[in-house]
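There are 2 protein chains.
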Amino acid sequence: MIQAAEFGFWTQIRKSPYFESTVRWGTKAFSVYNHMFIPRDFGDPEQNFWNLVNDAILCDVAVERQVEITGPDAARFVQMLTPRDLSTMAVGQCRYVLITNAEGGILNDPVLLRLGAAHFWLSLADSDILLWAQGVAVHAGMDVTIREPDVSPLQLQGPKSGMVMQALFGESIADLRYYWLREAELDGIPLIVSRTGWSSELGYELYLRDGARGEELWERIMAAGAPLGLKPGHTSTIRRIEGGMLSYRADADSDTNPFELGLDRLVNLDMEADFIGKAALRRIRAQGPRRRQVGLVIDGAPLPGPNTTFWPVLKDGAVVGKVTSAVHSPRLERNIALAMVSSAHAAVGEAVEVAGPFGRAAATVADRPFHDPAKRTAVAPVPRTA
Amino acid sequence: MIQAAEFGFWTQIRKSPYFESTVRWGTKAFSVYNHMFIPRDFGDPEQNFWNLVNDAILCDVAVERQVEITGPDAARFVQMLTPRDLSTMAVGQCRYVLITNAEGGILNDPVLLRLGAAHFWLSLADSDILLWAQGVAVHAGMDVTIREPDVSPLQLQGPKSGMVMQALFGESIADLRYYWLREAELDGIPLIVSRTGWSSELGYELYLRDGARGEELWERIMAAGAPLGLKPGHTSTIRRIEGGMLSYRADADSDTNPFELGLDRLVNLDMEADFIGKAALRRIRAQGPRRRQVGLVIDGAPLPGPNTTFWPVLKDGAVVGKVTSAVHSPRLERNIALAMVSSAHAAVGEAVEVAGPFGRAAATVADRPFHDPAKRTAVAPVPRTA
Numbered sequence: 096m097i098q099a100a101e102f103g104f105w106t107q108i109r110k111s112p113y114f115e116s117t118v119r120w121g122t123k124a125f126s127v128y129n130h131m132f133i134p135r136d137f138g139d140p141e142q143n144f145w146n147l148v149n150d151a152i153l154c155d156v157a158v159e160r161q162v163e164i165t166g167p168d169a170a171r172f173v174q175m176l177t178p179r180d181l182s183t184m185a186v187g188q189c190r191y192v193l194i195t196n197a198e199g200g201i202l203n204d205p206v207l208l209r210l211g212a213a214h215f216w217l218s219l220a221d222s223d224i225l226l227w228a229q230g231v232a233v234h235a236g237m238d239v240t241i242r243e244p245d246v247s248p249l250q251l252q253g254p255k256s257g258m259v260m261q262a263l264f265g266e267s268i269a270d271l272r273y274y275w276l277r278e279a280e281l282d283g284i285p286l287i288v289s290r291t292g293w294s295s296e297l298g299y300e301l302y303l304r305d306g307a308r309g310e311e312l313w314e315r316i317m318a319a320g321a322p323l324g325l326k327p328g329h330t331s332t333i334r335r336i337e338g339g340m341l342s343y344r345a346d347a348d349s350d351t352n353p354f355e356l357g358l359d360r361l362v363n364l365d366m367e368a369d370f371i372g373k374a375a376l377r378r379i380r381a382q383g384p385r386r387r388q389v390g391l392v393i394d395g396a397p398l399p400g401p402n403t404t405f406w407p408v409l410k411d412g413a414v415v416g417k418v419t420s421a422v423h424s425p426r427l428e429r430n431i432a433l434a435m436v437s438s439a440h441a442a443v444g445e446a447v448e449v450a451g452p453f454g455r456a457a458a459t460v461a462d463r464p465f466h467d468p469a470k471r472t473a474v475a476p477v478p479r480t481a
Numbered sequence: 096m097i098q099a100a101e102f103g104f105w106t107q108i109r110k111s112p113y114f115e116s117t118v119r120w121g122t123k124a125f126s127v128y129n130h131m132f133i134p135r136d137f138g139d140p141e142q143n144f145w146n147l148v149n150d151a152i153l154c155d156v157a158v159e160r161q162v163e164i165t166g167p168d169a170a171r172f173v174q175m176l177t178p179r180d181l182s183t184m185a186v187g188q189c190r191y192v193l194i195t196n197a198e199g200g201i202l203n204d205p206v207l208l209r210l211g212a213a214h215f216w217l218s219l220a221d222s223d224i225l226l227w228a229q230g231v232a233v234h235a236g237m238d239v240t241i242r243e244p245d246v247s248p249l250q251l252q253g254p255k256s257g258m259v260m261q262a263l264f265g266e267s268i269a270d271l272r273y274y275w276l277r278e279a280e281l282d283g284i285p286l287i288v289s290r291t292g293w294s295s296e297l298g299y300e301l302y303l304r305d306g307a308r309g310e311e312l313w314e315r316i317m318a319a320g321a322p323l324g325l326k327p328g329h330t331s332t333i334r335r336i337e338g339g340m341l342s343y344r345a346d347a348d349s350d351t352n353p354f355e356l357g358l359d360r361l362v363n364l365d366m367e368a369d370f371i372g373k374a375a376l377r378r379i380r381a382q383g384p385r386r387r388q389v390g391l392v393i394d395g396a397p398l399p400g401p402n403t404t405f406w407p408v409l410k411d412g413a414v415v416g417k418v419t420s421a422v423h424s425p426r427l428e429r430n431i432a433l434a435m436v437s438s439a440h441a442a443v444g445e446a447v448e449v450a451g452p453f454g455r456a457a458a459t460v461a462d463r464p465f466h467d468p469a470k471r472t473a474v475a476p477v478p479r480t481a
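Going line by line, the protein sequences match chains A and B. Using my numbering, the first residue of the first sequence is number 96, and each one after it goes up by one. Using my numbering, the first residue of the second sequence is number 96, and each one after it goes up by one.
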């Protein structure tokens, strides 16, 4: 098995407005997401994790493309796209939502931003929801405009991100509440800033609204933040698995429904408004999901890196599911994973086995998140032996 | 600027059923297409080109995902997706089609296969047409089923591909006409084979219908073909630019319309059937496209590799367009390119300049294809000086 290979920067895959900046600041490897390059390695993923949880990191997430929905019927159209009840969503708020198809399968798990009464952005995970939304609109008979605006987000995440934001925008930015957004400017660079992210740490996203000014914005933030401990970085696989956060296509796809993921809170089957997938999700809820996503703690030596294939989960020798995301947490000193298993084996404490490149390893179903600074830590770190 | 970087094989990006085989047979680099890895380098792209034009190559193009459309209204639904008149398309035929949105912009340029009266596959370029088609269907009021089947194509391309096909399937396969398909089996492996490809050479595609048997199929074809000169390979940027073939996202995107590409033959605005984008394309045709795709011959030293950014095209110092795909053709001994330029500068013979990493170079608008074995060669090779 090869772990990595050379990679050509074809024009068929887009570059972010921050591309040259991230290369200058030490990006070692990219992945591809929404048909764009995304930095995924600055040389040491474990150091990137510690930078994130102890200080702050700046991440190029321009791959989170926005689908902009405007027009007189925008609010009604957006509600049609998601099972989450949006009736109480205020202008200036953000919501984590699921986009479901007619079968109740998950097409994406974006953050929805409400910029105006009839002005929404879906900040996407990795699938072409622009095509989905435009396709739905063809025969919907609603007056909406759906396009991809010139918007490229950065994530500023970690406990010191608040200080960096104050250095950039002044003290008043401290008032920005969790999952709210605000218009802002930096040296005349037009931005939306929100208190959102993908790290389970204090964090912000800065949505650049002029792609020509990407390098200027990146350098401006690094200059303000470096004295406060800010490092260039990338979304952390370790931290997001600790936090039990989904990576679409790894942990969920269009054959996955919200109940399998335990995301019942994002589905309102009782609201009056209709949405795509409502009938199917009613059926699925009535029957109960056949599979459930669980956390797993996998015994054995520290994993050298994230899994590159789906690993079978076994019970008494029979396959009962698959590990979708696994990594070694240097903080918990455990191998932690997200897995999709049959509902019969989804109870916390259930003993199973995982078949990976290491052979077979014992594993135990565990609570998610594995680590939550605001609450308890579900999985205690292994005590260091002196 | 960096040309390549390490690349992690996350589970977020899918692997083809041929992945392990292509690694065993020497893949050096991958790209990502339709959320999957695709081999793009076996060590020497120029040798791959000569293998293709002189012998035959086997290419993993499982990234060409299929959107399967079945059901009583399948034919009517498929016609709604494309401006090409499908009224004369027989069962067993293939057609190169464009998928357009309501504004007439191109969402994809797939090969459409008609497997039955009410059974179609769209064999995709790089965008989620599964979501587009499912989205359109939500309110279309038609009885169709739209899904991604377990189908993974291989391309067998080059002048000797016919001999390899006969070694595999017997002499009768020689009857398969250009852009027709046939059901077939190889050691019980279920296949569709078609005389299609992306090389402008004699070629076939083999659509594997059981992802579990990918490595078996790959090895079976290589074993039969190697004595006839078959090599493992990848789609050739050199050959496809010589042939003037589009790479979606590089040469066209959702802001590109068919008339800009000179693909009027794929648009029938006079047929009775309605399709998405018809009104917009009527407007665009009446006004005439503002831009046109052209071929360019770029002077100067041989390009070291394909362009990694869009290069500005200039006339009298002003930007009038962009080079979308450029490469050195070792056969024509010229730097050849596809470019999108304003209609005023699109006539064959027009002298322009191109700004690239080499500085500024003189360039001339040229006929496409640059090379067509069946016809004349539009651009004569530079005579070798003795």
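Where a beta carbon is used, it is the ideal one built from N, C-alpha and C, also for glycine.
Look at residue 359 of chain B here: in three-state DSSP terms it is helix.
The shortest C-alpha to C-alpha distance from residue 164 of chain B to any of B/361, B/241, B/133 is the one to B/241. Distance between residue 131 of chain B and residue 157 of chain A, taken at the CA atoms: about 20 Å. Residue 200 of chain A is classed as buried because its beta carbon has at least 16 other beta carbons within 10 Å across all chains shown.
Using beta-carbon distances, residue 132 of chain B does not count as an interface residue toward chain A, since no partner is under 7 Å. At a cut-off of 7 Å between beta-carbon atoms, residue 106 of chain B makes contact with chain A. A distance of 7 Å or more separates the beta carbons of residue 219 of chain A and residue 196 of chain A. Chain B has a Cβ within less than 7 Å of the Cβ of residue 226 of chain A. Remark: fewer than three beta-carbon pairs, one from each stretch, lie closer than 8 Å, so the stretch 261 to 272 of chain A and the stretch 248 to 266 of chain B are not flagged as touching. Non-local C-beta neighbours of residue 419 of chain A in its own chain, meaning closer than 7 Å and more than five positions away in sequence, comprise 345, 346, 405, 433, 434, 435, ordered along the chain.
In summary, residue 212 of chain A is exposed, with fewer than 16 beta-carbon neighbours lying within 10 Å of its beta-carbon over all protein chains present.
In its chain, beyond the 5 residues on either side, 286 have a beta carbon closer than 8 Å to the beta carbon of residue 280 of chain B. Remark: C-beta atoms of residue 298 of chain B and residue 331 of chain B do not approach each other more closely than 7 Å.
In the same chain as residue 208 of chain B, and ignoring 5 residues on each side of it, the C-beta atoms closer than 6 Å to its own belong to 189, 216, 276, in chain order. DSSP, read as helix, strand or coil, puts residue 137 of chain A in coil. For residue 215 of chain A, the nearest beta carbon of chain B is not closer than 7 Å to its own beta carbon. Using a CB distance cut-off of 7 Å, residue 378 of chain B does not count as an interface residue toward chain A. Distance from the CA atom of residue 161 of chain B to the CA atom of residue 148 of chain A, rounded to whole angstroms, is 42 Å.
Neighbours of residue 420 of chain B in chain A, taken as residues at a C-beta separation under 8 Å, are given in chain order as 106. Any Cβ of chain B closer than 7 Å to the Cβ of residue 335 of chain A would place that residue at the interface, and such an atom is absent. Beta-bridge analysis with DSSP links residue 284 of chain B to B/281.
Residue environment for residue 273 of chain B: exposed (fewer than 16 other C-beta atoms within 10 angstroms of its C-beta). In the structure shown, residue 376 of chain A adopts helical secondary structure according to DSSP, grouped into three states.
Within the DSSP bridge table, the entry for residue 164 of chain A names A/215, A/241 as partners.
A straight-line Cα-Cα distance of about 19 Å links residue 399 of chain A and residue 448 of chain A.
Taking 9 Å as the upper bound on Cβ-Cβ separation, chain B lies near residues 332 of the stretch 314 to 339 of chain A. Against residue 402 of chain A, the close residues of chain B are 106, in the order they occur along the chain (beta-carbon pairs closer than 7 Å).
Short of 8 Å from the beta carbon of residue 379 of chain A, and not among the five residues preceding or following it, lie these beta carbons of its own chain, in chain order: 199, 352, 354. Chain-ordered listing is empty here: chain B has no CB closer than 9 Å to the CB of residue 424 of chain A, the nearest sitting near 17 Å. Taking the C-beta atoms as reference points, residue 248 of chain A is found no nearer than 7 Å to residue 362 of chain A.
A distance below 7 Å between beta-carbons, with the five flanking residues on each side excluded, links residue 229 of chain A to the following residues of its chain, in chain order: 241.
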